[in-house]
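K.L.:
Pasting a structure here, questions to come.
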Amino acid sequence: MTEGSAVIGTNMGWLLVAALGVIWVCLGVYWGRKAKTLDGFMVAGRNVGLALGTATAVATWITSNTTMLAPQFALQLGVWGIFAYSTASFGLFLFAPLARRIRRLMPHGYTSVEFIRLRYGKVASVIFLVISLFYSLTWMVSMGMAAGILLEALAGIPYQQGMSVVLLVCVLYTLFGGLYAVIGTDFIQSAIILVGLVVVAVTVLTAVPIGEVHANLQWKRPALLNVLFPAAIMAIFNNMLFGIGEVFHSNVWWSRVFAMREDVGWRAYLLAGLLWLPIPVVAGFLGLAAPALGINVTRPDVVGPVVAASVLGYTGAVLVFIVVFCSLASSIDSLLAATGDVVTKEIVAPLLMPNANDERLRKVAAVVIVTVGAITWGVCLPKVGTLATVLFFAGPLVGSTIWPILAGLYWKRASGEAAVVAMVLGSGVGLLAYFQIGWYTASLIGTGVSLLITVTVPVLLPGTFRWSQLCPQLQEVTT
Amino acid sequence: MILFPSWFLAALVYGAIVIAAAGAVVLSTLLIRDFRQKRLW
């Protein structure tokens with residue numbers, strides 16, 4: 010079998026897209042009844058429990074990149090490539106204590122940019138906002154592109170049409186239901202993805218035993234089993250830091266902290282990290298199984314779904330299609346909601362509508378979600394590069410925010426000046442490494458430079474900060 | 011060249027499948043518990 014041939018047929022593809030789209034939009038409208046206020050729309054009433062909190066973190070982190078890039082990693086970097094992708098779960102694990110701290114320091118907060126503004130001042134918040142928006146758009150574009158590529162590969166739906174309809178569905182249900190709809194649908198999507206991937210992996214193992222996969226790799230591509238694969242080992246640290254940077258800085262994760270009950274956030278993130286950890290391994294295995302199945306790999310970024318579809322047959326291919334659609338929607342909706350919050354609260358409200366009340370901002374947030382969706386669609390329309398290229402370009406930028414956020418949450422001496430220099434130089438040097446050395450070093454170097462500056466500058470020029478500045482109602486936190 | 015042995019690959023893949031399957035069960039259990047206690051959201 011070769012890649013590129015539609016697996017389930019265009020008519021079935023459109024039928025599934027229509028059915029899933031109608032279900033998500035109806036659920037969005039249903040849950041949207043609870044999202045009439047600004048708090049309801051942006052942070053789901055701040056009372057989300059452990060089940061929905063965990064599921065939303067898992068579903069959001071299982072992007073279509075997980076199902077597409079993990080097999081690609083495995084095919085290019087071998088067993089270490091699988092490990093490298095799995096280390097993205099460290100972001101969720103390490104964010105757990107931060108979630109507790111954030112909820113305690115900012116019980117009425119909305120966005121991560123708001124924290125940086127209150128903690129480090131306006132200049133730092135503008136730089137952080139630029140990084141944050143660039144990252145969000147990059148992630149959304151990679152998701153939109155993935156939607157087009159996957160629907161084309163699996164169902165023969167033309168790229169532009171597939172990408173457009175997935176974005177439209179996500180915009181609609183996020184628009185109607187806000188974070189309530191996002192979190193509610195995330196639960197269903199995460200359950201479908203987990204069960205679907207287990208079924209796919211077990212079926213692949215039935216078709217081609219693990220010993221055969223190993224023997225085939227040993228014969229045809231032994232480098233993929235190499236214990237000492239320098240580029241792959243480097244990719245582990247790079248991917249881990251990229252993952253940590255993504256979670257630490259992105260409002261996708263901060264908005265969930267504000268949405269969950271105070272005692273729920275840290276437990277939800279710990280559990281989500283554990284549940285997410287095996288997903289890249291299962292998906293990555295599909296990439297390693299490709300040579301043993303005699304699949305001619307010409308497009309590494311769609312090897313996972315094609316392997317699954319080749320083994321599972323028509324019915325299984327339909328399952329793969331549903332899993333992929335869920336993994337796309339669960340991330341795009343979260344990005345739309347979180348980016349909409351940031352733009353509404355940190356750009357539109359202060360600059361254009363300083364006196365707007367919550368009711369007015371609730372309406373503005375809806376307009377912003379549509380606008381963000383439209384911009385993403387416009388950028389996705391031409392295919393701008395491979396998924397890995399698009400995604401990892403943002404690595405050093407988000408890596409440079411890790412230490413300013415960490416220091417800002419726990420260290421009173423951390424200063425705005427240090428945060429500004431750390432983010433600017435960390436991003437700059439990291440991007441230089443991206444172009445001069447390779448993508449697998451960019452986050453590592455960007456984060457390292459940022460760490461050096463975040464720690465050394467406040468030692469020489471210490472800042473002073475009172476935690477109560479983050480929330481007027483808050484008593485001084487002494488820890 | 012030192013290669014990962016076959017048993018290592020098997021442990022990795024089977025372990026991941028077990029954790030993923032358990033994850034689906036844990037999520038369902040938590041959902042039922044939160045629903046009964048009216049603590050979904």
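Going down the list, the sequences are from chains G and U. Start counting the first sequence at 10; every next residue gets the next number (our numbering). Start counting the second sequence at 11; every next residue gets the next number (our numbering). The C-beta atom is built at its ideal place from N, Cα and C for all residues, glycine as well.
Looking at C-alpha atoms only, which residue of G:444, G:427, G:222 is the closest neighbour of residue 133 of chain G?
P.N.:
Closest by alpha carbon: G:427.
K.L.:
By the three-class DSSP mapping on this structure, what secondary structure does residue 21 of chain G have?
P.N.:
Helix, per DSSP.
K.L.:
Tell me which residue opens and which closes the alpha helix (DSSP H) that residue 270 of chain G is part of.
P.N.:
Element bounds for residue 270 of chain G: n/a, residue is neither H nor E.
K.L.:
Which residues does DSSP list as the beta-bridge partners of residue 13 of chain U?
P.N.:
In the DSSP output, where bridge partners are listed per residue, residue 13 of chain U has G:235.
K.L.:
Applying a beta-carbon distance threshold of less than 7 Å, which residues of chain U neighbour residue 63 of chain G?
P.N.:
The contacting residues are 37, 40.
K.L.:
Can you tell me which of the three DSSP states residue 305 of chain G falls into?
P.N.:
Strand at residue 305 of chain G.
K.L.:
Please classify residue 161 of chain G as buried or exposed, where buried requires at least 16 other C-beta atoms within 10 Å of its C-beta.
P.N.:
It is buried - the Cβ of residue 161 of chain G has at least 16 other Cβ atoms within 10 Å.
K.L.:
Buried or exposed: residue 42 of chain U, going by 16 or more other Cβ atoms within 10 Å of its Cβ?
P.N.:
Label assigned to residue 42 of chain U: exposed.
K.L.:
With C-beta atoms as the reference, is residue 293 of chain G less than 8 Å away from residue 82 of chain G?
P.N.:
In this structure, residue 82 of chain G lies closer than 8 Å to residue 293 of chain G by Cβ.
K.L.:
For a test of the three-state rule: what should DSSP assign to residue 217 of chain G, helix, strand or coil?
P.N.:
Note: residue 217 of chain G maps to coil in three-state DSSP.
K.L.:
Taking 8 Å as the CB-CB cut-off, is residue 23 of chain U touching chain G?
P.N.:
Yes, because at least one Cβ of chain G sits closer than 8 Å to the Cβ of residue 23 of chain U.
K.L.:
Output needed for residue 148 of chain G: all residues of its chain with C-beta closer than 7 Å, excluding positions within five of it in sequence on either side, in chain order.
P.N.:
Answer for residue 148 of chain G: 344, listed in chain order.
K.L.:
Listed from N- to C-terminal order along the chain, which residues in the segment 199 to 213 of chain G have their beta-carbon within a distance smaller than 8 Å of any beta-carbon of chain U?
P.N.:
Residues passing the 8 Å Cβ filter: 199, 200, 203, 204, 206, 207, 210, 211.
K.L.:
Give, in chain order, every residue of the segment 275 to 292 of chain G whose Cβ lies closer than 7 Å to some Cβ of chain U.
P.N.:
Those residues of the segment 275 to 292 of chain G that come within reach of chain U (Cβ to Cβ, closer than 7 Å) are 284, 286, 287, 288, 290, 291.
K.L.:
Against residue 313 of chain G, what residues of chain U qualify as contacts under a CB-to-CB distance less than 8 Å, listed in chain order?
P.N.:
By Cβ distance, chain U contributes nothing, its closest Cβ being about 14 Å from residue 313 of chain G, past 8 Å.
K.L.:
Give me, in chain order, the residues of the same chain whose beta-carbon lies closer than 7 Å to that of residue 198 of chain G; leave out the 5 immediate sequence neighbours on both sides.
P.N.:
Correct list, in chain order: 68, 335, 338, 339.
K.L.:
Mind pulling the chain U residues with CB within less than 7 Å of residue 261 of chain G?
P.N.:
Those within 7 Å of residue 261 of chain G in chain U number zero; the least Cβ separation is about 18 Å.
K.L.:
Starting from the beta carbon of residue 85 of chain G, find every residue of chain U whose beta carbon is closer than 9 Å, and list them in chain order.
P.N.:
Result: empty, since nearest Cβ-Cβ is about 16 Å, beyond 9 Å.
K.L.:
On the DSSP bridge assignment, give the partners of residue 57 of chain G in chain order.
P.N.:
Paired residue(s): G:269.
K.L.:
Using a 10 Å radius around the Cβ and a threshold of 16 neighbouring Cβ atoms, would you call residue 354 of chain G buried or exposed?
P.N.:
Flag for residue 354 of chain G reads buried.
K.L.:
If you reduce the DSSP assignment to three classes, tell me which class residue 47 of chain U lands in.
P.N.:
Three-state DSSP puts residue 47 of chain U in coil, outside helix and strand.
K.L.:
Under three-state DSSP, which class holds residue 467 of chain G?
P.N.:
It is helical.
K.L.:
Round the Cβ separation of residue 21 of chain U and residue 206 of chain G to the nearest angstrom and send it over; I've been treating them as touching at under 8 Å.
P.N.:
Not quite, the Cβ-Cβ distance comes to about 18 Å (not below 8 Å), so this is no contact.
K.L.:
Identify the contact partners of residue 46 of chain U in chain G, using a Cβ-Cβ distance below 8 Å as the criterion.
P.N.:
Here the premise fails: no neighbours, minimum Cβ distance about 11 Å.
K.L.:
Check each candidate in G:431, G:473, G:112, G:454 and name the one with the smallest Cα separation from residue 273 of chain G.
P.N.:
Of the candidates G:431, G:473, G:112, G:454, the one whose C-alpha sits nearest the C-alpha of residue 273 of chain G is G:112.
K.L.:
CB residue 391 of chain G to CB residue 443 of chain G, shorter than 8 Å?
P.N.:
Result no, Cβ atoms of residue 391 of chain G and residue 443 of chain G do not sit closer than 8 Å.
K.L.:
Taking a contact to mean a Cβ-Cβ separation below 8 Å, would you say residue 248 of chain G touches residue 380 of chain G in this structure?
P.N.:
Result no, Cβ atoms of residue 248 of chain G and residue 380 of chain G do not sit closer than 8 Å.
K.L.:
Should the segment 284 to 298 of chain G be called in touch with the segment 174 to 181 of chain G, which here means at least 3 C-beta pairs below 8 Å?
P.N.:
Taking 8 Å as the limit for Cβ pairs, the verdict is that the segment 174 to 181 of chain G does not touch the segment 284 to 298 of chain G.
K.L.:
Give the secondary structure of residue 117 of chain G by DSSP, where H, G and I count as helix, E and B as strand, and everything else as coil.
P.N.:
Coil.
K.L.:
When burial is assigned at 16 or more other CB atoms within 10 Å of the CB, is residue 35 of chain G buried or exposed?
P.N.:
Exposed: under 16 other Cβ atoms inside 10 Å.
K.L.:
Measuring straight from C-alpha to C-alpha, what distance separates residue 155 of chain G and residue 63 of chain G?
P.N.:
For residue 155 of chain G and residue 63 of chain G, the distance between alpha carbons rounds to 25 Å.
K.L.:
In this structure, how does DSSP classify residue 354 of chain G when only helix, strand and coil are distinguished?
P.N.:
In this structure, residue 354 of chain G counts as helix in the three-state DSSP scheme.
K.L.:
Looking at chain U, is there any beta carbon in it that lies within less than 8 Å of the beta carbon of residue 245 of chain G?
P.N.:
With 8 Å as the cut-off, residue 245 of chain G does not count as an interface residue toward chain U.
K.L.:
Ignore the nearest five residues each way along the sequence and tell me which others in residue 24 of chain G's own chain have a CB closer than 8 Å to its CB.
P.N.:
Nothing listed; no residue qualifies.
K.L.:
Do the CB positions of residue 185 of chain G and residue 38 of chain G come within less than 8 Å of each other?
P.N.:
Their beta carbons are under 8 Å apart, which means residue 185 of chain G touches residue 38 of chain G by this criterion.
K.L.:
What is the DSSP secondary structure of residue 479 of chain G, counted as helix, strand or coil?
P.N.:
If DSSP states are grouped into helix, strand and coil, residue 479 of chain G belongs with the helices.
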